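Heads up: the protein sequence lines correspond to chains F and A, in order. Convert by adding 6 to the 1-based position in the first sequence; the result is the number in the working numbering. Convert by adding 42 to the 1-based position in the second sequence; the result is the number in the working numbering. Where is the CB? At the ideal position from N, CA and C, for every residue including glycine. Keep in mind the model is a prediction, meaning the values are calculated, not measured.
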Amino acid sequence: VKSVAALFRRGFAHGIHPEELKDRTRALPTQRMPFVERYTLPLHQHLGVPAKPVAEVGQRIQRGQLIAEAGAFVSSALHSPVTGWIRAIGPRRYPGGRYEQAIEVEADRYATQRLSVAPPPNWRTLSLEDFGALLQRSGIVGLGGASLPVHVKYSLREGVKIKTFIANGAECEPYLTNDHRVMVERPDILLQGIEILHALLGAEQSIIGVEQNKPDAIARLRERIRPDQPIRVVPLRVKYPQGDSKMMIKSILGIEVPAGLHAADLGIIMNNVSTIAAIADYVASGMPYIDRMVTVSGPGIAYPANLIVPLGTPVREVLRFCGGLREDTREVLMGGPMMGTPVASLDVPIIKSSSGLLAFTAAQTARPREYSCIRCGRCVEACPYFLNPARLAKLAKARMYEEMKALQVMECVECGSCTYSCPSGIPIVQMIRTAKNALWAKKGR
Amino acid sequence: VTGKDPKLLVQPSPALKQRMSTDQTMRDVLYALLPATLAGIWYFGLGALLVILASIAGALLTEWVFAPPQTRGARLRDNSGLLTGLLLGLSLPPALPLWMAFVGGVAAIGLGKVIWGGLGYNLFNPTLVGRAFLGATFPIAMTTWSAQTGPLEFLHVPASNLALPFMQADYDAVSAATPLGLMKFEYQSTPLWELAIGKTSGCIGETSGLLLILGGVFLILRRGLDWRMPAGILASVFLLTAVLYLFGPDRYPAPLFSVFSGGLLLGAIYMATDPVTSPLTPRGTWVFGVGVALLVVLIRVYGGFPEGVMYAILLMNAATPLIDRYTQNRVFGKGLKSK
Chain F
7 VKSVAALFRR GFAHGIHPEE LKDRTRALPT QRMPFVERYT LPLHQHLGVP
57 AKPVAEVGQR IQRGQLIAEA GAFVSSALHS PVTGWIRAIG PRRYPGGRYE
107 QAIEVEADRY ATQRLSVAPP PNWRTLSLED FGALLQRSGI VGLGGASLPV
157 HVKYSLREGV KIKTFIANGA ECEPYLTNDH RVMVERPDIL LQGIEILHAL
207 LGAEQSIIGV EQNKPDAIAR LRERIRPDQP IRVVPLRVKY PQGDSKMMIK
257 SILGIEVPAG LHAADLGIIM NNVSTIAAIA DYVASGMPYI DRMVTVSGPG
307 IAYPANLIVP LGTPVREVLR FCGGLREDTR EVLMGGPMMG TPVASLDVPI
357 IKSSSGLLAF TAAQTARPRE YSCIRCGRCV EACPYFLNPA RLAKLAKARM
407 YEEMKALQVM ECVECGSCTY SCPSGIPIVQ MIRTAKNALW AKKGR
Chain A
43 VTGKDPKLLV QPSPALKQRM STDQTMRDVL YALLPATLAG IWYFGLGALL
93 VILASIAGAL LTEWVFAPPQ TRGARLRDNS GLLTGLLLGL SLPPALPLWM
143 AFVGGVAAIG LGKVIWGGLG YNLFNPTLVG RAFLGATFPI AMTTWSAQTG
193 PLEFLHVPAS NLALPFMQAD YDAVSAATPL GLMKFEYQST PLWELAIGKT
243 SGCIGETSGL LLILGGVFLI LRRGLDWRMP AGILASVFLL TAVLYLFGPD
293 RYPAPLFSVF SGGLLLGAIY MATDPVTSPL TPRGTWVFGV GVALLVVLIR
343 VYGGFPEGVM YAILLMNAAT PLIDRYTQNR VFGKGLKSK
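Take a look at the structure:
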């Protein structure tokens, strides 16, 4: 009965149905990526302010040791993923293409690489505020995409009462399967994390939202939830962008979060399942955020995999571990295919937000011929935020940014559904990004 | 990753695209029109085929002449010129002199599209601009309807088709009033079955209602067509004429007759749905559809012409920017009542 009810659940409107393309990795157990020689750790791996280095060049460091502390409130700590030496602090190529200050660490190839960290104080003895401070020192950021330092969500405004905690296991981006593997392989640690956050927030209910294309994850979680745990799993329609927080809240609770407000203002906190598992790991052992799950896939990859990769590992090494790139690879993307960033060089490192590493060949990278907009309205019917992408693109071309602002362009989450659905091959979301950046810059000045 | 790195492209996400492209969308409409086109040619003979070809030739030639040389190939490949030519041909009388059909194609692309800035920028439906141009320029030829020919006369091309430019055309075929003309001037209805299969006189492509609907269903299934537009127009015409019919069954056309007669199906399924000249949002589409239906019924019942689909759509085309402005979607999370 419950699953029948779920089928009729109203979900969010609009959105798109791209091919899932998860078959090559969905059933592959997670593997560990071996250590390599050099690690590059950019100081700015998340939203907000870069971390501040606290280690010096030449210094000996242990795996898990703090090497940079949070630079401000919206910032997070950074730890060394290996035992070795700090070899340099300076500008290094960042996945997006620009240069960022980074710490370079050389691994000690004779070290055991055993993690030597002390567990944090018992969470039951902590207030939410103290727990938040602890999270900032753990280096954990939101792993669902936006990379907001995770403690920011847990510093609630005065008077806010959290009723619902949501674990986001939608993983709606095609190709990616690392959240899926966490739910299948580590349900207990995930549930433990939910329990901790639920208790600290004083929430009334906890919900795990999972897209229906992961029946094994849904079954596994339902099987592992203890009767005394106030947690339930809600299967969600397979639709992009189901994992967008406001869309997911609409799907699960039927609530439309007003523009300009955060979910927390309505008594809802949401975290990605991998983020929650990372929090539970940290609470249990004190392991800071130094390893991340990466789905390596795409037609250009010989041996796809779900990998645990130490942060800072060069993309080149990860690809080598997966059997290298096919010769006709034309593009390597970090993240999912809808919102990911193409990398300009294989020397960029895996960072905290690198959920996927996808290699595409000419068949995928060929862009359709661009025609003029024929006003077909497919983008209008795709936009989950009910914007008018066709109109916005036209205004962007004329650089009429203020008019775009009046049409609520700032509500755009850049999910890319408009570009995906455009038969004329117009890069709508990129034009909108450009306009938003221009508007941000103007505001900054 | 041994040896040389591949040359990496850096292009903005998303990396995935749905497969339908604009030229394919247009091609689908061409496929959808094929049955009705063949039926029209079958009913009216070889002359009808020549009219369609002349109209297409005029459209494509104009497209080619006015396209910048470097994008000429792309312009012709987007199939929109071909589609305009075909639709215009289908909306012409079968006995029309070929040179007029050619001029119509030139006017459709030249005045209907090129002059506005090309595909995507025109305010009015190019096909109907071409047809309105012909209607104003050659009012007699555009309202002279020939009867259907039998299979035996298939290869016979009427003399009027072959008239030299600017010369008097000789109409040799038996002329026949269209169902709407019969209705308007003689209060005489035509059996629904004949309308549905197309055994009536009229424009080449408008006669077979069932085949037009078949193509529309194909397009809706292929998502090449917004179902709301034909649904809105046809349902509104049906309801409006039903009301009139209830008041005077002897003076007003029956609702189903209204839906199947004249160019309504061709216009509702293939012309009002031209995305460039119709509203963007679903709500706007409904408004547009109801507006077209209202104007069609007004013109047919109270106007001087027996048929009004063309002007109804052109008038609503003019209203499209206004409709778009007032039917924007409510942005997610905006304008909610605060608690």
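Cutoff 8 Å; reference residue i; Cβ partners in own chain excluding five residues on either side
i: Leu-121(F); result: Arg-69, Gly-70, Ser-291, Met-293
i: Arg-372(A); result: none
i: Pro-291(A); result: none
i: Ile-22(F); result: Lys-245, Tyr-246, Ala-388, Ser-423, Tyr-426, Ser-427
i: Thr-191(A); result: Tyr-85, Phe-86, Gly-87, His-198, Ala-215
7 Å CB neighbourhood of residue i in its chain, flanking five on each side removed
i: Pro-87(F); result: Tyr-45, Arg-69, Ile-296, Asp-297, Pro-316, Leu-317, Gly-318
i: Val-7(F); result: With a pLDDT of 49 at Val-7(F), under the threshold of 50, the modelled position of that residue is not reliable, and no figure is offered here.
i: Asn-184(F); result: Ser-280, Met-299, Val-300, Thr-301, Asn-312, Ser-361
i: Ala-57(F); result: Leu-49, Ala-74, Glu-75, Ala-76, Gly-77, Ser-81, Ser-82, Ala-83, Leu-84
i: Glu-236(A); result: Thr-242
i: Ala-368(F); result: Asp-334, Arg-336
i: Asn-278(F); result: Gly-148, Leu-149, Gly-150, Asn-174, Asp-185
i: Asn-15(A); result: Since the displayed chain A opens at 43 and closes at 381, residue 15(A) lies outside it and no answer follows.
i: Gly-375(A); result: none
DSSP bridge partner residues for residue i (one or two, in chain order)
i: Phe-366(F); result: Glu-337(F)
i: Met-276(F); result: Ile-172(F)
i: Glu-106(F); result: Arg-98(F)
i: Arg-298(F); result: Val-315(F)
i: Lys-58(F); result: Glu-75(F)
i: Val-147(F); result: Pro-155(F)
i: His-85(F); result: Leu-72(F)
i: Ile-67(F); result: Gly-90(F)
i: Thr-3(F); result: Since the displayed chain F opens at 7 and closes at 451, residue 3(F) lies outside it and no answer follows.
i: Val-334(A); result: In DSSP, Val-334(A) forms no bridge with anything.
i: Ala-396(F); result: The partner list for Ala-396(F) (beta bridge, DSSP) is empty, contrary to what the question assumes.
i: Pro-355(F); result: Pro-320(F)
i: Ser-430(F); result: In DSSP, Ser-430(F) forms no bridge with anything.
Cβ neighbours of residue i in the same chain (closer than 6 Å, five flanking residues each side left out)
i: Leu-161(A); result: Ser-122
i: Pro-126(F); result: Leu-140, Gly-292
i: Thr-104(A); result: Val-148, Ile-151, Gly-152
i: Lys-381(A); result: Only weak support exists for where Lys-381(A) lies, its pLDDT of 46 falling under 50; the coordinates are left without a value.
Residue range of the alpha helix (DSSP H) that includes residue i
i: Ser-291(F); result: 279-291
i: Ser-144(F); result: 134-144
i: Thr-425(F); result: 423-427
i: Asn-359(A); result: 351-368
i: Glu-201(F); result: 193-207
i: Thr-440(F); result: 434-450
i: Ile-262(A); result: 251-263
i: Phe-299(A); result: 297-302
i: Ile-275(A); result: 270-289
i: Val-419(F); result: Note, Val-419(F): premise wrong, no alpha helix (DSSP H); not H, not E.
i: Leu-325(F); result: 321-327
i: Asp-222(F); result: 221-230
i: Met-253(F); result: 251-259
i: Arg-384(F); result: 384-388
i: Met-410(F); result: 407-412
Start and end residues, beta strand (DSSP E) containing residue i
i: Pro-241(F); result: 237-242
i: Pro-2(F); result: In the structure as shown, chain F starts at 7 and stops at 451, and residue 2(F) therefore has no counterpart that could be examined.
i: Gly-90(F); result: 90-99
i: Leu-140(A); result: Taken as a continuous stretch (DSSP letters only), Leu-140(A) belongs to no beta strand (DSSP E), being part of the alpha helix (DSSP H) at 140-154.
i: Gln-211(F); result: 211-217
Closer than 8 Å: residue i CB and nearest the ligand HEM heavy atom
i: Ile-314(F); result: Of the ligands one can find in the structure shown there are none, so the ligand HEM has no counterpart to examine.
C-beta neighbour in chain D for residue i, strict 9 Å
i: Gln-65(F); result: Of the protein chains in the structure, F and A, none is chain D.
Count the CB pairs spanning the region 247-267 of chain A and the region 306-314 of chain A that are closer than 8 Å, and state whether there are at least three.
-> Segments in contact, yes.
Three CB pairs or more closer than 8 Å across the region 166-184 of chain F and the region 245-255 of chain F | Contact between the region 166-184 of chain F and the region 245-255 of chain F is present, because at least three Cβ pairs lie under 8 Å.
Starting from the N-terminal side, write out each stretch of the beta strand (DSSP E) that is 3 residues or longer and does not extend beyond the region 177-234 of chain A.
-> Here no run is fully enclosed.
Which runs of the alpha helix (DSSP H), 4 residues or longer, sit entirely within the region 79-135 of chain A?
-> You should have 88-108, 114-119, 122-132.
Should the region 49-59 of chain A be regarded as contacting the region 105-119 of chain A, the criterion being three or more beta carbon pairs within less than 8 Å?
-> They do not touch, by the three-pair rule.
Answer yes if the region 376-384 of chain F comes into contact with the region 316-323 of chain A, meaning at least three C-beta pairs across the two stretches below 8 Å, and no otherwise.
-> The region 376-384 of chain F and the region 316-323 of chain A touch, with three or more beta-carbon pairs separated by less than 8 Å.
Is there contact between the region 131-147 of chain F and the region 101-112 of chain F, where contact requires at least three CB pairs shorter than 8 Å?
-> Flag = no, the region 131-147 of chain F and the region 101-112 of chain F do not touch.
Is the region 164-173 of chain A touching the region 191-210 of chain A in the sense that three or more CB pairs, one from each, lie closer than 8 Å?
-> Judged by Cβ distances under 8 Å, the region 191-210 of chain A makes no contact with the region 164-173 of chain A, as fewer than three pairs qualify.
With a cut-off of 8 Å, do at least 3 Cβ pairs link the region 394-401 of chain F to the region 347-355 of chain F?
-> No, the region 394-401 of chain F does not touch the region 347-355 of chain F.
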